[in-house]
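Those protein sequences? They're chains Z and U, same order as listed.
Residue 25 is where the first sequence starts when you use our numbering, and the numbers rise one by one after that.
Residue 48 is where the second sequence starts when you use our numbering, and the numbers rise one by one after that.
Comments concern the structure below.
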Amino acid sequence: MSEPRTMFEKIWNEHIVYQEPNKQAVLYIDLQLVHEVTSPQAFEGLRLSGRKVRRPELTIATPDHNVPTTDRQLPILDPISRKQVETLRSNCQEFGITLFDLDDPRQGVVHIIGPEQGLTLPGMTIVCGDSHTATHGAFGSLAFGIGTSEVEHVLATQTLLQSKPRTLELRVDGRLAPGVTAKDLILYLIGQIGTAGGTGYVIEYTGEAILALSMEERMTVCNMSIEAGARAGMIAPDAVTADYLRGRNHAPADFEAAVKRWRSLPSDAGATFDTSRVFSAADIAPQVTWGTNPGHVLPVTAKVPQPSDFEDETERRSTARALEYMGLTPGTPLQNVDIDRVFIGSCTNGRIEDLRAAAAVAKGHQVAENVNAMVVPGSSVVRDQAMQEGLHKVFEQAGFEWREAGCSMCLAMNPDKLSPGERCASTSNRNFEGRQGKDGRTHLVSPAMAAASAIRGHFVDIRDWEYSK
Amino acid sequence: MQVFRQHCGIVVTMDRADVDTDQIIPKQFLKRIERSGFEEFLFFDWRYDDSGASNPDFELNQPNAAGAGILIARRNFGCGSSREHAVWALENYGIRVVIAESFADIFYSNCFQNGVLPIVLPVEQIDELFRRASGSPYALTVDLEQKTVCDEEGLNLSFDIDDFRRECLLQGLDNIAQTLQQESRISQYEERNADRLARN
Ligand code: SF4
């Protein structure tokens, strides 16, 4: 009998092309996703060295970070943004790469379109010049973000040099309570293990609470693995995974044979992780971040902390700095904090289930007077689906802006951004200083919590929400 | 790639943990399609005030940090976005060594691709470096062959680094060219896995 192995080890071993002793492995990459911001220098590198793309059909590109979310018929106003999108277009043409361009119904945030098109499959290695590539691990693939030089390496060789990471199991027992979402689950875990708790590791999320999640919820969890410092997060494929993929554009032709293969992927009973930690779903309440990194997080029922709550000197200083930046007074109940803006979208929470959850909260209500709220679908497919279901009407009637697909105010590279001092309830993944606009203040929450805060004008405990019929 | 053997440079200390790549290079400067010219944007939002004047309190703007080539920070340096622009901005500015208690993974690999050496040292040694660098301009000599960090007053610290990565930096090796020498192995792998790799 062979040793029991983790899912990570199985996928890793299967993708080693070659490894010399004491060197990094040459790992085969099954799929690369490319966007306009982290790729121009990689293509330029290829040109300068006269190299070709080895397997153009294993790379898919789309513009998402820098694109307008208003009328797509108009040209992009900012000439530098426009140039970047045009550069992606000409690079794809020159090197023979499929591009889901701005006017393509499949365009959207890279991490949303991969799964949506059935490009992301269990057992694959997937990379992208983007740290949230971890999202794809929700399918039981090994997916991680890389730098631009590595993007070039993959384009030229379809492989990557990698040192073997360690494995970290995060097991969540029991079931999430009503109103507590996948977003709250991952924010809670980051709060527990810290923003560097996963550094050097690939996380496998296990346990009843994880397996009970839908495919989209699993993506929300894996997406934020990087916020815990891990480059990759994964969840074992099961019937939920297969049901999601069946019938998608690029799903395997012999689907049932593929499903059979996928059954061998999950970690074997008795496989050991380098580190394992166990949590209880019952301990998780709806979460809100209060500071300037995703580990600065508390239950919505808590109060803004004091620097002296922390033992470690560096932590105390970083808390003081964060509170000053965020304009928060220690001891204030989080539910008393007023907000100016709401952003619903991103690769964390811009999928159809997220929009349904937010619409269910918004239905029959009005966005508070001083609040500007916008909904930005994660992809054009999500947008079309939402419009078929009439969700855009629900949002518009409640006073939310309804936009085109893209990254938008998740990183504010396009015109969607906070003004200095503005406070935002956001369903995205990063609350770093200036992330949503210089001197803007970001609080990360779930889609339902974001919609409810838009309506009340401050944070609310979604477990108390009365839904309209 | 740029060779790295030894670097002697002025130190700039940043007594901060979790310095993320959004701070190292804010997103509005990611629109460029070149690899150079990012030095003016390094730590932009911290370095300049709203009028564009340099912020005298910010670490890089302190007189004793003028011309710095070595940056020392606390834990989890370079967390967040994978943007290699963060390393380009540091390198373009002239920073060739970053010393920290720990680094985020992607930032750490990106350094090696650009001839920038990331060094992990234990907290006590970092504390000591912060003490020594707190007054007049303070210089360190970092020797990658010897794996040491030394100052002129007799401090001599050694650090660990992966042999393969060290070799690549010492020789300025081009990873892609090296991998392409294994071309036949890649082709064999592709043949063996042709079924799995066929795109629908
Ligand atoms: S939605 Fe945000 S986190 Fe996701 S890829 Fe776009 S910018 Fe990055």
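The C-beta atom is built at its ideal place from N, Cα and C for all residues, glycine as well.
- In the pairwise beta carbon analysis, the region 397-406 of chain Z is classified as touching the region 421-428 of chain Z: at least three pairs are separated by under 8 Å.
- For residue 63 of chain Z, the distance from the CB to the nearest heavy atom of the ligand SF4 is not below 7 Å.
- DSSP places residue 488 of chain Z within a helical segment (H, G or I) once states are collapsed to three.
- Close to chain Z, meaning a Cβ-Cβ distance shorter than 8 Å, are the following residues of the region 66-77 of chain U: 67, 69, 70, 73, 74, 75, 77.
- In this structure, U:237 is the residue among U:197, U:112, U:194, U:237 with its C-alpha nearest to the C-alpha of residue 181 of chain Z.
- Under the Cβ criterion of 8 Å, residue 223 of chain U is counted among the residues facing chain Z.
- For residue 300 of chain Z, the uninterrupted beta strand (DSSP E) run begins and ends at 299-304, by DSSP.
- Residue 448 of chain Z has its CB no nearer than 7 Å to any heavy atom of the ligand SF4.
- Per DSSP, the beta bridge partners of residue 191 of chain Z are Z:226.
- In the three-state scheme derived from DSSP, where H, G and I count as helix and E and B as strand, residue 343 of chain Z is classed as helix.
- Closest in alpha carbon position to residue 132 of chain Z, among Z:90, Z:343, Z:455, Z:158, is Z:90.
- Less than 8 Å divides the Cβ of residue 444 of chain Z from the Cβ of residue 464 of chain Z.
- Within chain U, not a single residue places a beta-carbon under 8 Å from that of residue 427 of chain Z; the smallest gap is close to 18 Å.
- Judged by the Cβ position, residue 134 of chain Z qualifies as a neighbour of the ligand SF4 at the 7 Å threshold, a heavy atom of the ligand being closer than this.
- For residue 144 of chain Z, the three-state secondary structure derived from DSSP is coil.
- The three-state secondary structure of residue 148 of chain U, taken from DSSP, is coil.
- Between residue 423 of chain Z and residue 391 of chain Z, the CB-CB gap stays under 8 Å.
- With respect to residue 41 of chain Z, residue 232 of chain U sits close: the two C-beta atoms are nearer than 8 Å.
- For residue 174 of chain U, no chain Z residue has a Cβ inside 9 Å of its Cβ, as the nearest lies near 10 Å away.
- By the Cβ test, the region 197-204 of chain U is not in contact with the region 40-54 of chain Z, since fewer than three Cβ pairs between them sit closer than 8 Å.
- One alpha carbon belongs to residue 306 of chain Z, the other to residue 202 of chain Z, and they sit about 11 Å apart.
- Fully enclosed beta strand (DSSP E) runs of no fewer than 3 residues occupy 164-167, 186-190, 195-197, 203-205 of the region 160-238 of chain U, in order along the chain.
- Here the alpha carbon of residue 122 of chain U sits roughly 26 Å from the alpha carbon of residue 195 of chain Z.
- Contact between the region 353-367 of chain Z and the region 482-491 of chain Z is established, with three or more Cβ pairs separated by less than 8 Å.
- Distances from the CA of residue 61 of chain Z to each of U:96, U:99, U:130 were compared; the closest alpha carbon is that of U:130.
- In this structure, residue 331 of chain Z keeps its C-beta atom at 8 Å or more from the C-beta atom of residue 255 of chain Z.
- Under DSSP, residue 183 of chain Z forms a beta bridge with Z:52.
- Interface flag for residue 43 of chain Z against chain U is unset, since no Cβ pair is found closer than 8 Å.
- Three or more Cβ pairs closer than 8 Å define a contact, and the region 60-75 of chain U meets that threshold against the region 447-467 of chain Z.
- Not one heavy atom of the ligand SF4 falls within 7 Å of the beta-carbon of residue 221 of chain U.
- A distance criterion of 7 Å places the beta-carbon of residue 54 of chain U beyond contact range of the ligand SF4, judged by its closest non-hydrogen atom.
- For residue 76 of chain U against residue 91 of chain U, the beta-carbon gap comes to about 7 Å, under 8 Å, which counts as contact.
- Those residues of the region 430-453 of chain Z placed with their C-beta closer than 7 Å to a C-beta in chain U are 435, 436, 437, ordered along the chain.
- If you check the C-beta of residue 105 of chain Z against the ligand SF4, you find no heavy atom less than 7 Å away.
- In terms of beta-carbon proximity, residue 163 of chain Z stays away from the interface with chain U, with every pair separated by 8 Å or more.
- For the options Z:146, Z:73, Z:120, the alpha carbon positioned closest to that of residue 281 of chain Z is the one of Z:146.
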